[in-house]
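Residue numbers (mature numbering (1 follows the signal peptide of the UniProt record, and there is no 0)): -26 to -1, 1 to 422. Just so you know, even glycine gets a beta-carbon here, dropped at the ideal spot from N, CA and C. Since this is a predicted model, take the numbers as computed values, not measurements.
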Amino acid sequence: MTSGDATKIFFTALAALALVAARAAARALTTREAKKRVVIIGGGFAGMQAALDLRKTCEVTLIDKKRYFEYVPGTPAALAGAAPLSPASRGDSAKKREKTLTVPYSKALGKSVAFECAAGRDVRVMSAYVDVGGDRFEYDELILATGSHYPGVLKAECDGEAGEDRDARMREIAEAREDVTKGKSVVVIGGGVVGVEVAGELAARNAKMKSGARVILVHSGPRLLDTLPKFVSEYVSKTLVRFGVEVYVGQTYDRVGDSFVGRMNENVIEGDRVMMCVGAKPATEFLDRESVNFSEDDDDSPLNFPLDMIGRVRVDEATRQVIGYDNVYAVGDCACKLPDQMLASYAHWEAEYVSKRIMCDGDARALGKLGRYRLPPRLMAISLGPFAGVVVWGDRILCRGWCAAVFKALIQFWFIRFLPAPYSIMKRFPRMRVKPPASVILRKPLAN
Ligand SMILES: Cc1cc2nc3c(=O)[nH]c(=O)nc-3n(C[C@H](O)[C@H](O)[C@H](O)COP(=O)(O)OP(=O)(O)OC[C@H]3O[C@@H](n4cnc5c(N)ncnc54)[C@H](O)[C@@H]3O)c2cc1C
């Protein structure tokens, strides 16, 4: 071979390589261009699930006021310095455990999802983009997943120091624990799942530490956990009483000085500390045009979303699309649904369904195959201290006592790692539920 031939071969190979590289670059560019832009507002159970499901097929941006995901069902135990299967303790071990409640978005999402922290900035939703304090995030599909606000320390308030900084959030929980346990008596207001768990955890802490405040649980409804079957309420009441909790039901209580006064028979309950376990409100104030900052002269104005009387976003139950908007979905606690569906598991399943819908990309055959959203059976693990609890599946008790504590620990392990809880399998189970009583359908959440 002459040196001329070698040069020819060299340049031919170079040209072929350049062609292959150009083709690959062009393909990558078209794929990126073809990818749908999905913006998700809110990174709780619902928002995180949608972001992780869609990250491979879409260009996803997650916007949250906080910088970390919080495993909210674990906060009652953290308040008592405990965790499932791990009794209350003081100092460093309690702190270590608290840290497992949160995961920074930077770690959970990796590089495949863009994260935007909206702390201290207004979030406004326009017809083609979300405006975060002047920065625009354009979308083809939008998912609203902002959940709810909860009074007190049991859920991180998103727009504050504790939302920006995980360590500040841990300190907040530790301070609340110190305050609540140093009083003579603590009144836990609300006998729903949160109140029951808080009372159970505090009573278990007293037993472990051999000291602590008297725990009094008051509930306005006729029985604890009144959205669940009666036998579940009875089991939970009996267990709490056995653990030393004083349970009062069927009365509303007002604060008068340091005491709580029952309205029906002026039954006075002394309590020098209070844990509010009622008063969840949908975190949708930024969608309410009345309270959003904008001027009629602006070149664009925020969308006018349909909200119900307490501010939850109205959705089509079959598709989870916001009424009147084909490319906007609402999932989790910010969406309008029956109160007994305000659970992490439903938030997760709704998000999974919506992700599948978005991935169908308008293809009628794929959409037909996916079908309408079908409600899976209720799955609820209620802890009553680190070694006791009850797991409800549909309207049945799946397990209780020790077994339920193991189940709850497993659920925490699973969800905090964002492992799949496949909607496609869960929807196939019969709902195993009776219709909720009318009182449940009509009941409005109590004011803060
Ligand atoms: C103390 C407690 C214990 C609970 N225990 C259980 C349990 O044992 N089992 C169970 O199934 N359910 C339980 N729940 C209910 C469960 O936590 C909720 O159903 C679940 O968190 C709803 O998930 P979500 O994704 O809809 O909303 P959330 O988890 O509330 O997440 C919403 C996210 O949106 C963000 N956000 C809010 N507003 C904005 C905004 N304007 N802009 C940007 N981001 C915003 C928030 O920072 C948050 O990260 C409990 C709730 C509480 C409060």
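Boundaries (first-last residue) of the alpha helix (DSSP H) holding residue i
i      : result
PRO50  : 49 to 53
VAL168 : 167 to 183
GLU208 : 204 to 216
LEU59  : Premise fails: LEU59 is in no alpha helix (DSSP H) and is neither H nor E.
ARG140 : 140 to 156
ALA102 : Taken as a continuous stretch (DSSP letters only), ALA102 belongs to no alpha helix (DSSP H), as it is neither H nor E.
TYR79  : 79 to 83
Closest residue to residue i among the options (Cα-Cα distance)
i           : options                            : result
ALA93       : GLN23, LEU261, GLY137 and LYS30    : GLY137
MET100      : THR293, GLY345, ILE371 and ASP274  : ASP274
TYR42       : ASP141, SER122, GLY306 and ALA(-9) : ASP141
VAL252      : ALA292, VAL104, HIS193 and GLY231  : HIS193
GLN386      : ASP282, ILE356 and THR31           : ILE356
ARG229      : ARG216, VAL223, ILE243 and TYR222  : ILE243
ARG197      : ALA378, LYS182 and GLN225          : GLN225
MET354      : ARG294, GLU171 and VAL97           : GLU171
residue 433 : GLU135, ARG71 and ALA88            : In the structure as shown, the chain begins at -26 and stops at 422. Residue 433 is therefore absent and cannot be evaluated.
TYR303      : ILE332, LEU317, MET283 and GLN315  : ILE332
Own chain, CB closer than 8 Å to residue i, minus 5 neighbours either side, in chain order
i      : result
VAL189 : SER159, VAL160, VAL162, ALA173, LEU176, ALA177, ASN180, GLY218, VAL219 and GLU220
VAL154 : LEU53, VAL160, LEU176, ALA187, ARG247 and MET249
Simplified DSSP assignment, three categories, for residue i
i        : result
VAL366   : strand
MET22    : helix
THR(-15) : helix
PRO360   : coil
ALA309   : strand
VAL380   : helix
LYS255   : strand
ARG263   : helix
GLN315   : helix
PHE43    : strand
ALA395   : coil
GLN386   : helix
MET283   : coil
ASN422   : Here ASN422 scores only 32 on pLDDT, less than 50, and its place in the model is too uncertain to base an answer on.
VAL328   : helix
Cβ-based neighbour list, residue i, same chain, cut-off 6 Å, excluding 5 preceding and 5 following
i      : result
TYR327 : TYR347 and TYR397
CYS32  : LYS9, LYS10 and VAL12
GLY157 : ALA187, ASP246 and ARG247
ALA62  : ALA54, GLY55, ALA56, ARG179 and LYS182
Residues near residue i in its chain [Cβ-Cβ closer than 7 Å; skip 5 each side]
i      : result
LEU202 : VAL366
MET22  : PHE43, ALA82 and PHE392
ALA379 : PRO58, LEU59, SER357, PRO360, PHE361, ALA362 and GLY363
PHE403 : PRO350 and PRO351
ASP133 : LYS39, ALA93 and GLY94
Range of the contiguous beta strand (DSSP E) that encloses residue i
i      : result
GLY342 : Run containing GLY342: none in the beta strand (DSSP E); it sits in the alpha helix (DSSP H), 338 to 344.
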